[in-house]
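Protein chains in written order, with the numbering used here: chain A, 542 to 874; chain B, 8 to 367.
So this is what it looks like as structure tokens:
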């Protein structure tokens, strides 16, 4: 049968077509942003800074989840790691000078990378499914978070808040810091994953573990690396949270909903839950999209209780588009 | 090749979706155009009010929102009420408040998730000329209006009535709410204040109901069937406790509860069977008080920065007062004390339960 959707021959166009899902979700986001800007009286620097900074925790968590999913796993403990990072930061950064705060931040990212690398190793060694092991560790990290900070409190340095929000008080500053903080990690990770040997190993291991092993790739290392990166992104998400709110919040529900949202962003981003497929940069757009939905629906006058329903319908809709295209492809070939 | 095709197709479909979304934008945008002027002080009316709540599915909180809507309608000064209501912590509430600021509201009424975590966004709103009122729980932000129920007084007033009714001696049970929650801590302090004045009152048991009717009922049943009790103070889990006396067929003892419809009904109907009790108010209509204060601030009447609502007590000797509270058409959990003079102007439970904002 003839292929009706022939690939364009120009190299630039080819690259665009190959990354069409990424393009699609970014266009969707810009469509939504444009729509939102027509719904509210003013759309200016305040709104750009607000949307970007409020999206940071989810985007970081989604990048971390995406790496793990690409490598063939799934991590239900990322939200709990966010909690843990958030409360440790809030508890120990309060009243400290910028230097100490920076050191704590770096140490947290490294520590969570190690912690989650260990989880990855545990999954690989035990052969217990990712979903079971990470569900168990999620309870451990949430409990630990409550133990470190029993009730909301703590604080951080103004410099730290500026880095993630563009303002020492966490609101109403320049939008450049949050914009860079939201785009850079996603870009770097996406480029790294597509252009380096360890990055491509993640895709190979996620696509087919056996094939990757037979090709002489270190599957164990890939799994540990993916979980380590996921852990460090969760730590960054916790740091962004303390920068936005200026406090630590140890409540279990916060972590649980963050985990679910990260999976939603990954699914919307066209990253196959079966592993090995997808561009990591798309989750930056889908993370922001999920955050945007709430204010848009409110601005439209939709009852906020229905916002979640619509969010679910959107995810289901996008998933069906993916499923439909697979079906059509199979019909074609 | 195959994978590429699938992705291409998926991308194309997503693109179409994006275009559709962008296409939908045009017609919807038209009516939303008029921008609210936020800077002008002492306006005459036509206000847009934003409401932020972060605990969904809680009866008390839902009634609080409905009271705001009802008062907005009754005041005649409000054009629109925008309610942002979802479960979350400070992160979500900051995003919600920023969304309300972006929509150009004239005033924001919020039930805060954190005492200090929201200060920056609240102060940013105030800097833009938006009136901010925190209801139910306090915030420390400069310039914000705060309206709270006096929880210490809630427990002290009820406990003093109970101890007085018992003649200053006897064994009582303290049925608290949730350990560690500020309202519970404050109420316990109030209970202790009252207890200090009555040395012959003994607290024979202290339970945490979790403000859950079935938990409270079970605890009450265990207590009244196994121990000797002269009186019960509850932190609002009241009508299930009274029901247990009927179930176990045990004579009533004096009991203190809140202004829950079911309890008020029992106080009225079971008085002849020997029930003695008192309902202490903890009104979710505090939302309406918050709105009244916001409107005062918007119209240049300079209201008080901090308003502490002192609870009122209605006991079985005041049948007329209880009758005034009782709302036969509402659920047992409905908080009956909805009219709070001089703040509210709606006509009662019917208006609040209709839950209609202007234009709805």
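Even for Gly, the Cβ is constructed at its ideal location relative to N, Cα and C.
Considering only beta carbons, the part of the stretch 595-613 of chain A lying closer than 8 Å to chain B consists of 595 and 598, in chain order.
For the pair residue 240 (chain B) and residue 169 (chain B), the CB atoms are nearer than the 8 Å cut-off.
Taking a contact as a CB-CB distance under 8 Å, the pair residue 597 (chain A) and residue 705 (chain A) counts as one, their CB atoms being some 6 Å apart. Given a length threshold of 3 residues, each whole run of the beta strand (DSSP E) inside the stretch 197-277 of chain B is given here in chain order: 208-215, 238-241 and 262-265. Using a CB distance cut-off of 8 Å, residue 194 (chain B) does not count as an interface residue toward chain A.
With a threshold of 16 other beta carbon atoms within 10 Å, residue 354 (chain B) falls short and is exposed. Taking the C-beta atoms as reference points, residue 151 (chain B) is found no nearer than 8 Å to residue 116 (chain B).
In this structure, B:118 is the residue among B:293, B:118, B:138 and B:279 with its C-alpha nearest to the C-alpha of residue 146 (chain B).
DSSP links residue 182 (chain B) through a beta bridge to B:214 and B:241. Beta-bridge partners of residue 344 (chain B) (DSSP): none assigned. Residue 308 (chain B) counts as exposed, since fewer than 16 other beta carbons sit within 10 angstroms of its beta carbon. The C-beta of residue 680 (chain A) has fewer than 16 other C-beta atoms within 10 Å across all chains shown, which makes the residue exposed. Residues of chain B with a Cβ closer than 8 Å to the Cβ of residue 795 (chain A) are, in chain order, 95, 96 and 98. In the DSSP annotation of this structure, residue 288 (chain B) is not part of any alpha helix (DSSP H), being labelled neither H nor E.
Counting only residues of its own chain and dropping the five nearest sequence neighbours on each side, residue 359 (chain B) has a CB closer than 6 Å to the CB of 73, 74, 77 and 345. Contact of residue 713 (chain A) with chain B is assigned, a C-beta pair being separated by under 8 Å. For residue 55 (chain B), there is no enclosing alpha helix (DSSP H); the enclosing beta strand (DSSP E) covers residues 54-60. Assignment of residue 617 (chain A) by DSSP, reduced to helix, strand and coil, places it in the coil class. Closer than 8 Å to the CB of residue 583 (chain A) there is at least one CB belonging to chain B.
The beta carbons of residue 621 (chain A) and residue 772 (chain A) sit about 11 Å from each other, so the pair does not count as a contact at 8 Å.
Shown here, residue 581 (chain A) sits in coil according to DSSP, grouped into three states, outside any helix or strand. The shortest C-alpha to C-alpha distance from residue 149 (chain B) to any of B:165, B:123, B:162 and B:164 is the one to B:123.
Under the DSSP assignment, residue 131 (chain B) falls in the alpha helix (DSSP H) whose first and last residues are 126-134.
The secondary-structure analysis by DSSP pairs residue 674 (chain A) with nothing; it has no beta-bridge partner. Residue 793 (chain A) is bridged by DSSP to nothing; it lacks a bridge partner. Just so you know, the alpha carbons of residue 784 (chain A) and residue 652 (chain A) end up roughly 19 Å apart. Below the 8 Å Cβ cutoff, chain A contributes 711 and 712 as neighbours of residue 128 (chain B), in chain order. If you check the CB distance, residue 329 (chain B) and residue 274 (chain B) come in under 8 Å.
The beta carbon of residue 588 (chain A) falls within 8 Å of a beta carbon belonging to chain B, placing the residue at that interface. Distance from the Cα of residue 181 (chain B) is smallest, within the candidate group B:174, B:157 and B:218, for B:218. When Cβ-Cβ separations below 8 Å define contact, residue 89 (chain B) makes contact with chain A. Taken through DSSP and simplified to helix, strand or coil, residue 98 (chain B) comes out as helix. Contact between residue 595 (chain A) and residue 101 (chain B) holds: CB atoms are separated by about 7 Å, below the 8 Å threshold.
For residue 754 (chain A), the enclosing alpha helix (DSSP H) stretches over residues 750-755. What residue 692 (chain A) touches in chain B, judged by beta-carbon distance under 8 Å, is 187, going in chain order. Residue pairing for residue 155 (chain B): DSSP places it in a beta bridge opposite B:315.
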